[in-house]
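Taking it in order: structure first as structure tokens, then the write-up.
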Amino acid sequence: MAKVLKLNKGAEQCLLELLRFLLERGKVKGVFTFSKVGESGGVAYSLITDPAALEAALPLFPLMPVDAAKVLSRLTLVEPAAEPIAAVVRPCELRALTELIKRSQGSLDNLLLISSTCGGVYPLETGVNGNIGEKLPGYWEAVKKGEIAADIRPACAACEHFVPYNADITLALIGNKDLDKQCLIQLNTDKAEQFTDGLAGELSQGEAKSEVVDSLRAKRQARKQELLDEFGVEDSDIQKVFEKCIVCRNCNKVCPVCYCKVCFFDSGGDEHDQRYYETEMGKKGYAPVLPAPTFYQLVRLFHVSISCIGCGLCGDVCPVNIPLWAVALKTGGAVQNAFDYLPGRDLDEGLPVTTFKPEEFAATVD
Amino acid sequence: MGEGFTPRIVGFLCNWCSYAGADLAGAAKLEIPASLSVIRVMCSGRVDPVLVATALLQGADGVLIAGCHPGDCHYREGNYYARRRFALLKKTLETLGLDTERLMLAWVSASEGQRFGEVANQFAGQIMELGPNPMKTKISL
Chain A
1 MAKVLKLNKG AEQCLLELLR FLLERGKVKG VFTFSKVGES GGVAYSLITD
51 PAALEAALPL FPLMPVDAAK VLSRLTLVEP AAEPIAAVVR PCELRALTEL
101 IKRSQGSLDN LLLISSTCGG VYPLETGVNG NIGEKLPGYW EAVKKGEIAA
151 DIRPACAACE HFVPYNADIT LALIGNKDLD KQCLIQLNTD KAEQFTDGLA
201 GELSQGEAKS EVVDSLRAKR QARKQELLDE FGVEDSDIQK VFEKCIVCRN
251 CNKVCPVCYC KVCFFDSGGD EHDQRYYETE MGKKGYAPVL PAPTFYQLVR
301 LFHVSISCIG CGLCGDVCPV NIPLWAVALK TGGAVQNAFD YLPGRDLDEG
351 LPVTTFKPEE FAATVD
Chain B
367 MGEGFTPRIV GFLCNWCSYA GADLAGAAKL EIPASLSVIR VMCSGRVDPV
417 LVATALLQGA DGVLIAGCHP GDCHYREGNY YARRRFALLK KTLETLGLDT
467 ERLMLAWVSA SEGQRFGEVA NQFAGQIMEL GPNPMKTKIS L
């Protein structure tokens, strides 16, 4: 059981009040959250230090133009944040950040992690079409009832890890029927209690988990199966799945756990000299010329499947609409199960590829 | 499986054990399949799944990885990582509907020339039965 602070305000207002409180009292130097960009409805992560600038903040806006983990990793890569920063992130972004930190790509020191039970986000297309505004009332209605909101990103509709794992503060959104009037802030850590000390609200004990949360998890698990069946990746033919790939590498650029500074595909490691192609043509009657989509996708899966947190950005940015999120869910799920590993659950849980047990996988060795 | 099929097998052999084991097999004049092309690596843990994928997609019919027995690694634990990487590789290929029978991980020490011969011949036989790698004939990689 954790301490729960009840504020009689709508969820977004309540979160803004918390952030304003943290800034005004000097408890944090900056706030990392979504802000409005221009008038076209775009949002982007920004660091806000002036409480007045919180006017433009939209901390719960259901869109993910970039994964916060990637940004936070850049902000804390060389050394931990010099002064405390409150970061508002989604549960999957938090998991991705945990995975990056396991790979020494950032630091949690001086970060106050604020997350929420997550209703999912809309595909980027919905965001750029400018009609996301019409969908918002329905979205919040679904969150209140603990249902899967219509038209959200398929990866979100299939996500069962929507309760954050390592957040200092969790906003209980799912299943809160009075979301417009009151808000529950769950303080998971001592750090959270220290930071929120002095914030006016009704204190009690509670847990973000509830029957509504469990039933939503069951609904999403069922949806996951449906979607995997629908996209035909259950009995996949690799050639068929990836034949449309144009190796634009969007999926590689947006993936939060794909972190190498110099990617294998930038290193020239996959390139051949002219003579290679001539020899191949002579031998086979054809020579596969780069880019090689199947090879690219395979290598990507080798690298990220163990840490894939299923955010679905890869599928979202694919210009030829390959259901990459479904491939990632299936392969990632299978690989993670094989190692009994859930990415982003626990910072102290070692990466499967950098740890081992002397007695294991006997069957894989001949 | 066509007539006159000569498989091409890529073998990643650990410098400290299996490579020496293969050498010993040669010195003892044991029969080693000619289809095996050996690449010496400093540790079986160095074999990145990417190398295996490269070999398979460019037309190798089989890939053999051989390293030191558990507990005998020259770098103390490289072969344990190799085993995990191999499990990851196999699982990934499996979920994508690719053949994992074309892959083999085996432990062969420097003194096991006999065993190296057996492992290589058994794997070559297995590949002979499987026939040519279908990915060889697929144009789009």
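As they're listed, the protein sequences go chains A and B.
With my numbering, letter number 142 in the first sequence gets 142, and the count goes up by one each step, no holes.
Throughout, my numbering is defined as the position within the second sequence, counted from one, plus 366.
The C-beta atom is built at its ideal place from N, Cα and C for all residues, glycine as well.
Values in this document were obtained by computation on a predicted structure and should not be read as measured data.
query                                                                                                                                                                                      : result
How close, in whole Å, do the beta carbons of Leu-422 of chain B and Arg-468 of chain B come, if the pair is a contact with beta carbons under 8 Å?                                        : 7 Å
Report the residues of the region 325–347 of chain A with a CB closer than 7 Å to any CB of chain B, ordered along the chain.                                                              : Lys-330, Thr-331, Ala-334, Val-335, Ala-338
Secondary structure at Ala-472 of chain B, three-state DSSP: helix, strand or coil?                                                                                                        : strand
Using the Cβ count rule (16 or more neighbours within 10 Å means buried), how would you classify Ala-486 of chain B?                                                                       : buried
Report yes if the C-beta distance between Lys-70 of chain A and Pro-256 of chain A is below 7 Å; otherwise report no.                                                                      : yes
Within 7 Å of any Cβ in chain A, is that where the Cβ of Thr-372 of chain B sits?                                                                                                          : no
Asn-321 of chain A to Gly-315 of chain A, Cα distance in whole Å?                                                                                                                          : 7 Å
Using CA coordinates, which residue listed in A:Leu-313, A:Asn-337, A:Leu-7 is at the minimum distance from Ala-326 of chain A?                                                            : A:Leu-313
Hey, would you say Cys-452 of chain A sits closer than 7 Å to Val-212 of chain A, going by beta carbons?                                                                                   : Since the first residue shown for chain A is 1 and the last is 366, residue 452 of chain A is missing from the structure and cannot be characterised.
Applying the criterion that 16 or more other CB atoms from any shown protein chain within 10 Å of the CB defines a buried residue, is Tyr-447 of chain B buried or exposed?                : buried
What do you reckon, are the CB atoms on Ala-56 of chain A and Ser-35 of chain A nearer than 7 Å?                                                                                           : yes
For Thr-33 of chain A, which residues does DSSP report across the bridge?                                                                                                                  : A:Ser-46
Under a three-way DSSP split, which group does Tyr-122 of chain A fall into?                                                                                                               : strand
Below 9 Å between beta carbons is the criterion; list the residues of the region 450–472 of chain B that meet it against any residue of chain A, in chain order.                           : Arg-450, Arg-451, Phe-452, Ala-453, Leu-454, Leu-455, Lys-456, Lys-457, Thr-458, Leu-459, Glu-460, Thr-461, Leu-462, Gly-463, Leu-464, Met-470, Leu-471, Ala-472
In this structure, does DSSP put Arg-406 of chain B in helix, strand or coil?                                                                                                              : strand
When the Cα of Ser-104 of chain A is compared with those of A:Glu-79, A:Cys-118, A:Val-247, which residue comes out closest?                                                               : A:Glu-79
Taking all protein chains shown into account, do 16 or more other C-beta atoms lie within 10 angstroms of the C-beta of Met-367 of chain B, making it buried, or fewer, making it exposed? : Note that Met-367 of chain B scores 47 on pLDDT, short of 50, meaning its location in the model is unreliable; the coordinates nonetheless yield the value given after this. By the 10 Å Cβ count, Met-367 of chain B comes out exposed.
According to the neighbour-count rule (16 or more other Cβ atoms, all chains shown, within 10 Å of its Cβ), is Ile-174 of chain A buried or exposed?                                       : buried
Of all the options A:Glu-360, A:Gln-274, A:Ala-158, A:Leu-16, which has the alpha carbon lying nearest to the alpha carbon of Val-289 of chain A?                                          : A:Gln-274
Does Met-501 of chain B pass the burial test, meaning 16 or more other C-beta atoms within 10 Å, or should it be called exposed?                                                           : buried
Is the Cβ of Val-416 of chain B closer than 7 Å to any Cβ of chain A?                                                                                                                      : yes
May I have the straight-line CA-CA distance separating Lys-200 of chain A from Leu-7 of chain A, to the nearest angstrom?                                                                  : Reading off the sequence, residue 200 of chain A comes out as Ala, not Lys. Near 8 Å, if we compare the C-alpha coordinates of Leu-7 of chain A and Ala-200 of chain A.
Under a three-way DSSP split, which group does Val-88 of chain A fall into?                                                                                                                : strand
Could you check whether the Cβ of Ser-305 of chain A sits closer than 7 Å to any Cβ belonging to chain B?                                                                                  : yes
Can you pull out the residues from the region 435–446 of chain B whose beta carbon lies closer than 8 Å to at least one beta carbon of chain C?                                            : In the displayed structure, chain C is absent; the protein chains listed are A and B.
For the candidate residues B:Leu-455, B:Asn-381, B:Val-474, B:Ser-475, whose alpha-carbon lies nearest to that of Asp-414 of chain B?                                                      : B:Leu-455
Output, in chain order, the set of chain B residues within a Cβ distance shorter than 8 Å of Phe-295 of chain A.                                                                           : Ala-419, Thr-420, Leu-423, Leu-507
So is Asp-366 of chain A in contact with chain B if we call contact Cβ pairs under 7 Å?                                                                                                    : yes
Excluding the 5 residues preceding and the 5 following Gly-425 of chain B in the sequence, name in chain order all residues of the same chain whose CB lies nearer than 8 Å to its CB.     : Arg-374, Asn-499, Met-501, Lys-502
For Lys-330 of chain A, is the classification buried or exposed, using 16 other Cβ atoms within 10 angstroms of its Cβ as the cut-off for buried?                                          : buried
Considering just the uninterrupted stretch of the alpha helix (DSSP H) at Lys-330 of chain A, what are its terminal residues?                                                              : 324–338
Determine, for Val-353 of chain A, whether the minimum Cβ-Cβ distance to residues of chain B falls below 7 Å.                                                                              : yes
What's the call for Phe-371 of chain B, buried or exposed, on a 16-neighbour Cβ count within 10 Å?                                                                                         : exposed
To the nearest angstrom, how far is it from the Cα of Pro-293 of chain A to the Cα of Asn-250 of chain A?                                                                                  : 13 Å
Interface residues of chain B around Ile-48 of chain A at Cβ under 9 Å?                                                                                                                    : The contacting residues do not exist; Ile-48 of chain A stays about 41 Å from chain B at best.
Once DSSP output is grouped into helix, strand and coil, what is the label at Ser-116 of chain A?                                                                                          : strand
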